[in-house]
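Beneath this line is the structure, given in structure tokens, with notes to follow.
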Amino acid sequence: MQDILPPPTPKGFLLRVSSITSNRGRDHSFRLRPDEVRQLVIKRQYDPHDHLKTLLSFSGTALEYVLKGWLFWTLTTINLAVFLGWKFMQEFHKERVLEYWSLNLDNLQPMGQLVVFAMVFYTGNCYNTYKDHFFFGCNMQRRMSQLAMHFKGIFQDGEVVWNCLRHGLSAHRVFYYELKKQVAERHGYNEDDPEHPGNLHSFVNEKLVRKSLLTPEEAEFLEMHEGQRTILLCTWAETSFYTHAASSPVFNKLSEPLKSQLLRVAIQEYENFRDMMNQTIDTVVFGVPFPYHHIVHLLVHIYLQLLSFATVFINDGRGTYMSLITYPVIVFVMLGIQSAADAMADPFGDDDCDFNLDAFVEEVYRDCVMLVTASDQRIIEGIQTGAIKIQVEGLSTPGFSRPPSMSEEGKRSREGQLRDGCSIRSAGATLSAQTRSLDGSMRNLVGPGGEREPPREDGGVAHGALGDR
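Residues 0 to 468 in numbering that gives the first Met the number 0 are what the sequence shown spells out, letter by letter.
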């Protein structure tokens, strides 16, 4: 298998949480630049110290999901029409309408409780799906980072390490490309739409070949492959590792048990990596069952329509204008929770709450590149030969006695108390044994009738061990 060199080290360091947050005295500013947002997996962030800005946000919130939809405005219009019609009919047919057509809020209470239960359960399932997808992606990153450290410790040569890693990194990118493509086509997008990741040929050339992850020959074969491309790339990755391990002088110098253990660790990491992919696919395919999704949404819609009619007859059938405000608020809250749950159940799109899949793959890619291209050969050689040593102050200087710290004093005090307690318990056990022996001797001095037996002429005791010396 052809070897290719790793790409040049990217300038700058990867974005971390400490680099995007600031804490200067009482200034808890939380402002992200566009280039920083592109490096976050969850693009939509909020400042916990700026509540007003969070409340007034529109993009990526329930305000956007609900107010841009037709259902909220349709239900509000129906409520307004029923209210005005009831106000008009009160002058002519009030008693007949109240007798046959009025609906009390108490009649909707059982249905309302059922709706709340169904929405809470549905939202919890959707959030668990969202969380599982996030942790599956993090675990895939972690497995690739573990393999990078593992290979760097075994081979030490950056070119060899990169050729053992690049097919696994390619599988990571291809997996998320195919996943995003599947979701986009399921929503009816074509390759020309911005929501679609594009065709495979462009993706392979831009994201794999140009980043020194695949050779042109490997990329051509990958495009023609009709099976699962991630499995093919993982197979190439394991083959590359076995090939370089067999020809590595550093690896061959190790003992057979150690080589077997290192091979098992690498195989286990690859298996865990593929397992995270399979679990992600299973979660996407399974998702929320359609009958459950349908009944929850149908139940919410029916309840809101009945509620739009029932709010008209509050206040003993006279109605109140405040219902024109409270009803839209109830509709907004329920539809907002439902829309947020739907968005969490499908986090592989281009919404503000969806995952930034490029950040998933770019983070581990940069970490691997920086690890492979690090100029630390002199450090590694010093560690191997023992030339680099760190002497702890106080241990390398003869006769040096460092004053104990408060924690050490406390530790010594606890150890002394423990030793004292052990000594006391040991002395108590010895005293108890002597007491039991003395009690037995005294019982031997007493006869069956309870009176002391006379001593024998030789000074012994008739029934006691004290006399049998």
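Even glycine gets a Cβ: it sits at the ideal position worked out from N, Cα and C.
Inter-residue Cα distance where the pair is residue i and residue j
{"i": "K180", "j": "F354", "result": "14 Å"}
{"i": "C137", "j": "Y45", "result": "21 Å"}
{"i": "F174", "j": "T319", "result": "57 Å"}
{"i": "H50", "j": "A244", "result": "56 Å"}
{"i": "A183", "j": "N277", "result": "20 Å"}
{"i": "T325", "j": "Y188", "result": "38 Å"}
{"i": "T238", "j": "L262", "result": "12 Å"}
{"i": "C233", "j": "K258", "result": "21 Å"}
{"i": "C352", "j": "G59", "result": "6 Å"}
{"i": "I230", "j": "I77", "result": "54 Å"}
{"i": "T128", "j": "L253", "result": "44 Å"}
{"i": "P288", "j": "V295", "result": "11 Å"}
{"i": "F150", "j": "D281", "result": "30 Å"}
{"i": "S28", "j": "E217", "result": "Reliability fails at S28, whose pLDDT of 42 lies under 50, so the model's placement of it is uncertain and the value that follows must be treated cautiously. In a straight line, the C-alpha of S28 is about 47 Å away from that of E217."}
{"i": "P196", "j": "N106", "result": "50 Å"}
{"i": "V119", "j": "Y64", "result": "19 Å"}
{"i": "H292", "j": "A117", "result": "10 Å"}
{"i": "E190", "j": "L199", "result": "10 Å"}
{"i": "T53", "j": "D350", "result": "18 Å"}
{"i": "Q227", "j": "Q260", "result": "29 Å"}
{"i": "F57", "j": "G286", "result": "27 Å"}
{"i": "S400", "j": "S246", "result": "Note that S400 has pLDDT 42, beneath the 50 cutoff, so the model's placement of it is unreliable and no number is given."}
{"i": "C163", "j": "E222", "result": "21 Å"}
{"i": "E362", "j": "L102", "result": "58 Å"}
{"i": "A170", "j": "L298", "result": "43 Å"}
{"i": "W69", "j": "M275", "result": "38 Å"}
{"i": "V360", "j": "K210", "result": "12 Å"}
Beta-bridge partners of residue i, as assigned by DSSP
{"i": "I301", "result": "DSSP output for I301 lists no bridge partner at all."}
{"i": "I41", "result": "F354"}
Reduced DSSP category for residue i - H, G, I as helix; E, B as strand; rest coil
{"i": "I280", "result": "helix"}
{"i": "K86", "result": "helix"}
{"i": "T372", "result": "coil"}
{"i": "S56", "result": "coil"}
{"i": "V287", "result": "coil"}
{"i": "G348", "result": "coil"}
{"i": "N78", "result": "helix"}
{"i": "I313", "result": "coil"}
{"i": "D366", "result": "helix"}
{"i": "H186", "result": "coil"}
{"i": "Q155", "result": "coil"}
{"i": "M143", "result": "helix"}
{"i": "M148", "result": "helix"}
{"i": "V332", "result": "helix"}
{"i": "P447", "result": "Below a pLDDT of 50, predicted positions are generally treated as unreliable, and P447, at 43, falls in that range; the measurement from the model is reported next regardless. Coil."}
{"i": "L102", "result": "coil"}
{"i": "G111", "result": "helix"}
{"i": "K130", "result": "helix"}
{"i": "D191", "result": "coil"}
Any chain D beta carbon closer than 8 Å to residue i
{"i": "M275", "result": "The structure shown contains no chain D, having only a single protein chain."}
Selection from the options that minimises the alpha carbon distance to residue i
{"i": "V330", "options": "E225, L261 and S307", "result": "S307"}
{"i": "H132", "options": "A344, S374, D350 and D357", "result": "A344"}
{"i": "V203", "options": "R172, D192 and V182", "result": "R172"}
{"i": "D357", "options": "L178, R165 and G335", "result": "L178"}
{"i": "L303", "options": "N189, H224 and Q108", "result": "Q108"}
{"i": "A309", "options": "E217, L323 and L297", "result": "L323"}
{"i": "I313", "options": "T76, V65, W85 and G59", "result": "W85"}
{"i": "L79", "options": "M321, D350 and V115", "result": "M321"}
{"i": "Y364", "options": "M139, L62, S254 and G111", "result": "M139"}
{"i": "Q145", "options": "T214, P288, M333 and V264", "result": "V264"}
{"i": "M333", "options": "V40, G111, K42 and W161", "result": "G111"}
{"i": "G152", "options": "F250, L62 and F57", "result": "F250"}
{"i": "L213", "options": "V81, V114 and W161", "result": "W161"}
{"i": "V371", "options": "E222, F116 and M148", "result": "M148"}
{"i": "V81", "options": "C367, R317 and V311", "result": "V311"}
{"i": "A342", "options": "C125, D191, A373 and V119", "result": "C125"}
{"i": "F272", "options": "Y291, R141 and E219", "result": "R141"}
{"i": "V284", "options": "F347, G226, V328 and P196", "result": "F347"}
{"i": "F134", "options": "L104, Q155 and I41", "result": "I41"}
{"i": "L66", "options": "V328, K206 and V360", "result": "V328"}
{"i": "H551", "options": "A61, P47 and W72", "result": "Within the shown structure, residues of the chain are numbered from 0 to 468, placing residue 551 beyond reach of any answer."}
{"i": "E158", "options": "D192, M275, Q337 and F240", "result": "F240"}
{"i": "P290", "options": "P47, L104, M88 and Y121", "result": "Y121"}
{"i": "Y269", "options": "A61, M143, V114 and F87", "result": "M143"}
Contained beta strand (DSSP E) runs [length at least 3] in the stretch 199-236, N- to C-terminal order: Here no run is fully enclosed.
Residue ranges of each beta strand (DSSP E) within the stretch 243-271, 3 or longer: none
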